[in-house]
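Visitor: Numbering of the sequence shown is given in the working numbering, commencing with residue 222 and proceeding in unit increments.
Backbone N, C-alpha and C define an ideal beta-carbon position, used for all residues, glycine too.
First the structure, which I've put down as structure tokens, then a few questions once you've had a look.
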Amino acid sequence: MTDPGVSTDDLDAGARALDQCNWADARAAFERAIADGAGPKALEGLAQATFFLDEVELALETHERAYAGYREAGCPIDAARMAIALAWDYRSGRGERAVSDGWLARARRLLDGCGPTPELGWLALREASFSLPGDATHARMRCAEAEALGRELGDVDLEMTAVALDGLARVSQGDIAAGMARLDEATAAATAGDMQDLVAIGFSCCYLIFACERVRDFERAGQWCQRVADMSAGWNIAALRAVCRCHYATVLMLRGEWETAEVELTDAGALLAARPFEGIDAMARLAELRRRQGRHEEAAALLRRAEHNPTAVLSSGALALDRGDAAAAADGASRFLRLMAGTHTERAPGLELLAEAQAAAGAVGEAAAAAEELAAIASSAGTDPLRGAARFAEGCADAAGQDFEAAREAFEDAVGLLGNAGLPFEAARARVGLASALRELGRDDAARAEYDRAVAVFADLGAASEERRAKLLRRTRRAELSAREREVLGLVAQGRTNAEIASALVLSEHTVHRHVANVLAKLGCSKRAEAVAVALEEGLL
């Protein structure tokens, strides 16, 4: 909408610059047009350019001005399009959900009675995306409306975005095969050039990556992430690439490529700093990496800043378990599961943590129930990482119930599944569980070998706290030291010589020497001072 007498040269130049992803030139052209008295069309163009330049507040302000301009000009469909954009601005840029919902309601009223328009489809998709992961049924209903409308209007961008979002909703409900097939189709359309709208392409690709992460289909995620990265390299869309990098970094982290994952998460977090929703998610993912690295204080500081993010809730629970607080870990897992109420696949990581935490707390029934639900999800997903996670959870529950033969089998399966899936950290943790079960079964040599393998993996990854824990478990348990050996060790800790210990306990020096040698062997130490340090760390003294 341009006022009479205003030149369209700058409007045309701005439109060309947008098509070429030259956001700075587009911004300059639209600003000139606005200065010359151009109407809401120029404001809409400026809002789009500033959106891609990550000037979030300016994009929001300009979208509001464009909305007002279209309303004043009597253009309800155009005004509705701005209202839909504002719903996204307020939710992703400011985290203000109530205001976002208000703009969606405004768009819905403006489009009432306007007939079939693309805006009706995009409104349906925005409502669908906001309803996930909680209400996948509603999301699929709205996606179906948008898909049918896109097909009727010949709008491939609308149709394929609806197909992709419906695929994600299907995965959320547990219909994995059908959901992933639709996501593959939409992403193929996006990367093959069938789609033209960059925002639609971006959302379609992101939905696939989200789904891959939920079912832990890391091979598929890796293949598509590379395609998306190659395709978007020349687009100059920092935020889109940052979101993809953030999720791909999780894949890298799980594969054990921690240095690369750290670079990706740090860079993505900086790029998304102006967008609270995505920025907080990047922060929570970085916190999980820090937790795995054993940098617990750094992880805790990041988690406090991302407190209400679901990933942060889960990572906080895992951090509590690392610190020995099984009750807090179970609370964190339960809170995550409440956030995922009404979902299917999204519950998997919460169930995994819940099973381990309840097992650590001795709540065998609760651990077994969580493991059983996780196994059902893994069966429907059919991916080795989820199947391995389910077997690990079952091993934890079996060990808590002192069925160590069943625990050995479960942990053995988990080691194989997780190792074959290329998840070294998870496989090493399962190996620690296997070693503990073997030791309970009296197979000490086999147990020590499994501990040693786990320690080597943790050391290679840089997982300091897990490496230390595995070493401690390898050395001993309290029950492996006899009462007399603990008594001798206590006197060693006081700095007593063998002669002094013999006198205090009314033993021969030869007998004391034998007790000290047994303690050193059981603790895996070569020196008395080292044995004392290990005993203090393990709570043996």
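State the Cα-Cα distance for the pair Ser724 and Leu762, rounded to the nearest angstrom.
Guide: In the sequence shown, residue 724 corresponds to position 503, counting from 1. In the sequence shown, residue 762 corresponds to position 541, counting from 1. Straight-line Cα distance between these residues: approximately 21 Å.
Visitor: Where Val727 and Glu626 are concerned, what is the direct C-alpha to C-alpha distance, given to the nearest angstrom?
Guide: Within the sequence shown, the letter at position 506 stands for residue 727. Within the sequence shown, the letter at position 405 stands for residue 626. Cα to Cα, Val727 sits roughly 43 Å from Glu626.
Visitor: Taking one C-beta from the region 569-580 and one from the region 605-616 each time, how about it: are there three or more such pairs within less than 8 Å?
Guide: Yes: at least three Cβ pairs fall under 8 Å.
Visitor: Roughly how many angstroms separate the alpha carbons of Leu572 and Tyr288, rounded to a whole number?
Guide: Residue numbering aside, residue 572 sits at position 351 when the sequence shown is read from its first letter. Residue numbering aside, residue 288 sits at position 67 when the sequence shown is read from its first letter. Rounded to whole angstroms, Leu572 to Tyr288 spans 45 Å at the Cα level.
Visitor: Would you mind sorting Lys262 into buried or exposed? The rule is 16 or more other CB atoms within 10 Å of its CB.
Guide: Mapped onto the sequence shown, residue 262 falls at position 41. Result: buried.
Visitor: Between which two residues does the alpha helix (DSSP H) holding Leu607 run?
Guide: The count along the sequence shown starts at 1 and reaches residue 607 at position 386. Its alpha helix (DSSP H) spans residues 605-621.
Visitor: Just the C-alpha distance for Thr283 and Cys335, rounded to the nearest angstrom, thanks.
Guide: Here residue 283 refers to the residue found at position 62 of the sequence shown. Here residue 335 refers to the residue found at position 114 of the sequence shown. If I take the Cα positions, the gap works out to 25 Å.
Visitor: Taking Asp230 as the reference, give the member of Gln444, Gln514, Trp244, Ala249 with the closest Cα.
Guide: If you number the sequence shown from 1, residue 230 lands on position 9. Nearest option by C-alpha distance: Ala249.
Visitor: Within 10 angstroms of its Cβ, does Asp333 collect 16 or more other Cβ (buried), or is it exposed?
Guide: Here residue 333 refers to the residue found at position 112 when the sequence shown is read from its first residue. Asp333 comes out exposed.
Visitor: Nearest to Gly553 by alpha carbon, out of Asn530, His565, Thr564, Thr566?
Guide: Walking along the sequence shown from the start, residue 553 turns up at place 332. Per the Cα distances, Asn530.
Visitor: So, are the CB atoms of Ala470 and Ala505 less than 8 Å apart?
Guide: Looking up residue 470 in the sequence shown gives position 249. Looking up residue 505 in the sequence shown gives position 284. No, Cβ-Cβ distance for Ala470 and Ala505 is not below 8 Å.
Visitor: Kindly indicate which three-state DSSP category Asp230 falls into: helix, strand or coil?
Guide: Start at 1 with the first residue of the sequence shown, and residue 230 comes out as number 9. In this structure, Asp230 counts as helix in the three-state DSSP scheme.
Visitor: Within 10 Å of its beta-carbon, does Ala270 have 16 or more other beta-carbons around it, so buried, or fewer, so exposed?
Guide: Working through the sequence shown from its first residue, we reach residue 270 at position 49. Classification for Ala270: buried.
Visitor: According to DSSP, simplified to helix, strand and coil, what is Cys335?
Guide: As a working note, residue 335 is residue 114 in the sequence shown. In this structure, Cys335 counts as coil in the three-state DSSP scheme.
Visitor: Can you give me the start and stop residues for the alpha helix (DSSP H) that Thr283 sits inside?
Guide: Taking the sequence shown and counting its residues from 1, the one referred to as residue 283 is at position 62. It spans 277-293 - the alpha helix (DSSP H) in which Thr283 sits, taken as one unbroken run.
Visitor: Let's see if you can read the secondary structure: which residues bound the alpha helix (DSSP H) around His359?
Guide: In the sequence shown, the residue the question calls residue 359 occupies position 138. Counting along the chain, the alpha helix (DSSP H) containing His359 begins and ends at 357-374.
Visitor: Expressed to the nearest angstrom, what Euclidean distance is found between the alpha-carbon atoms of Val227 and Leu281?
Guide: On the sequence shown, residue 227 is found 6 positions in, with the first residue counted as 1. On the sequence shown, residue 281 is found 60 positions in, with the first residue counted as 1. In this predicted model, Val227 has a pLDDT of only 49, less than 50, meaning its place in the structure is not dependable; the value taken from the coordinates is given anyway. Distance between the alpha carbons of Val227 and Leu281 is about 25 Å.
Visitor: Got a sec, what are the start and stop residues for the alpha helix (DSSP H) Thr382 sits in?
Guide: Sequence index remark: in the sequence shown, residue 382 carries index 161 (1-based). Unbroken alpha helix (DSSP H) run through Thr382: 377-394.
Visitor: State the start and end residues of the unbroken alpha helix (DSSP H) segment that holds Gly654.
Guide: Your numbering for residue 654 matches position 433 in the sequence shown. Gly654 -> alpha helix (DSSP H) spans 645-661.
Visitor: For His731, does the count of other Cβ atoms within 10 angstroms reach 16, so buried, or fall short, so exposed?
Guide: One-based indexing of the sequence shown puts residue 731 at position 510. It is exposed - the Cβ of His731 has fewer than 16 other Cβ atoms within 10 Å.
Visitor: In chain order, which alpha helix (DSSP H) runs of at least 4 residues are fully inside the region 502-538?
Guide: You should have 517-526.
Visitor: Can you list, in chain order, the residues of its chain whose CB lies under 8 Å from that of Leu757, leaving out five sequence neighbours each side?
Guide: If you number the sequence shown from 1, residue 757 lands on position 536. Here the set comprises Ala714.
Visitor: Assign Gln417 to buried or exposed, taking buried as 16 or more other Cβ atoms, counted over all protein chains shown, within 10 Å of its Cβ.
Guide: By one-based count along the sequence shown, residue 417 stands at place 196. Gln417 is exposed by the Cβ-count criterion.
Visitor: According to DSSP, is Thr471 helix, strand or coil?
Guide: The residue given as residue 471 occupies position 250 in the sequence shown. Reduced to three states, the DSSP call for Thr471 is helix.
Visitor: For Ser600, is the classification buried or exposed, using 16 other Cβ atoms within 10 angstroms of its Cβ as the cut-off for buried?
Guide: Taking the sequence shown and counting its residues from 1, the one referred to as residue 600 is at position 379. It counts as exposed.
Visitor: Please state whether the Cβ-Cβ distance between Thr382 and Ala413 is less than 8 Å.
Guide: Here residue 382 is taken as the residue at index 161 of the sequence shown, counted from 1. Here residue 413 is taken as the residue at index 192 of the sequence shown, counted from 1. The answer is no: Cβ separation not under 8 Å.
Visitor: What's the call for Asp396, buried or exposed, on a 16-neighbour Cβ count within 10 Å?
Guide: Position 175 of the sequence shown, counted from the start, is the residue given in the question as residue 396. That one is buried.
Visitor: Using the Cα positions of Ala319 and Glu434, report the straight-line distance between them to the nearest angstrom.
Guide: Taking the first residue of the sequence shown as position 1, residue 319 is located at position 98. Taking the first residue of the sequence shown as position 1, residue 434 is located at position 213. Answer to the nearest angstrom: the Cα atoms are 29 Å apart.
Visitor: Near Ala247, which residues of its chain fall below 6 Å by C-beta distance, leaving aside the five closest residues on each side in sequence?
Guide: Working through the sequence shown from its first residue, we reach residue 247 at position 26. For Ala247, where only same-chain residues beyond five positions count, the Cβ hits under 6 Å are Gly235, Ala238, Leu239, Ala270.
Visitor: Going by Cα to Cα distance, which pick from Leu507, Ala411, Cys617, Arg441 is closest to Gly490?
Guide: Here residue 490 refers to the residue found at position 269 of the sequence shown. With distances taken between Cα atoms, Gly490 lies closest to Leu507.
Visitor: Which whole-angstrom value is the C-beta distance of Thr564 and Ala300, which I expect to be below 8 Å?
Guide: By one-based count along the sequence shown, residue 564 stands at place 343. By one-based count along the sequence shown, residue 300 stands at place 79. The pair is not a contact, with the Cβ atoms about 35 Å apart (cut-off 8 Å).
Visitor: Decide if the region 637-644 is in contact with the region 660-673; the criterion is three or more beta carbon pairs, one per stretch, under 8 Å apart.
Guide: No, the region 637-644 does not touch the region 660-673.
Visitor: Hey, does Asp356 have any beta-carbon neighbour from chain C nearer than 8 Å?
Guide: No chain C appears in this structure, which consists of one protein chain only.
Visitor: Using a 10 Å radius around the Cβ and a threshold of 16 neighbouring Cβ atoms, would you call Gly375 buried or exposed?
Guide: What you label residue 375 is simply residue 154 of the sequence shown in a count that begins at 1. That one is exposed.
Visitor: Assess contact between the region 675-689 and the region 511-518, defined as three or more Cβ pairs (one per stretch) separated by less than 8 Å. Is contact present?
Guide: Yes, they touch.
Visitor: What residues in its chain sit with their C-beta under 8 Å from that of Gly583, if we drop five residues either side in the sequence?
Guide: On the sequence shown, position 362 is the one that residue 583 refers to. So the qualifying residues of the chain are Ala621.
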